[in-house]
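In full-length UniProt numbering, the protein residues as written are 1 to 103.
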């Protein structure tokens with residue numbers, strides 16, 4: 001392993017997203033999409049937040065329970081998707097560092 005490889009792996013170890021932090025955000029603020037914002041999924045985080053807001057606004061008219069149900073299902077599925085989101089983020093970071101395209 002070269003010095004550059006060691007530097008890359010050290011940088012990844014320092015900058016990698018924490019699974020514990022992601023799961024805490026998922027559990028406490030997941031319906032707002034906070035875990036998706038943390039993991040860099042801004043568009044889907046905004047969509048989840050908007051869907052939750054729309055469902056909350058429309059809940060008194062009974063139509064809002066459909067978007068809230070979708071957000072709840074999405075929230076539950078994200079519990080299984082968080083490890084793969086972290087793995088893909090780590091792989092992308094490793095690729096950027098190896099090709100010299102770091103941000």
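Virtual Cβ for every residue (Gly too), placed ideally from N, Cα, C. Small disclaimer: the values here were computed from a predicted structure and weren't measured.
| Item | Value |
| --- | --- |
| Stretch-stretch touch, CB-based, cutoff 8 Å, three pairs: the segment 37-46 with the segment 75-94 | yes |
| Nearest-angstrom Cβ-Cβ length linking residue 73 and residue 55, presumed shorter than 8 Å | That pair is no contact at about 12 Å. |
| Residue 89 vs residue 30 beta-carbon contact at 8 Å | no |
| Distance, residue 66 Cα to residue 52 Cα | 10 Å |
| Residue 2 versus residue 71 - alpha carbon distance | 46 Å |
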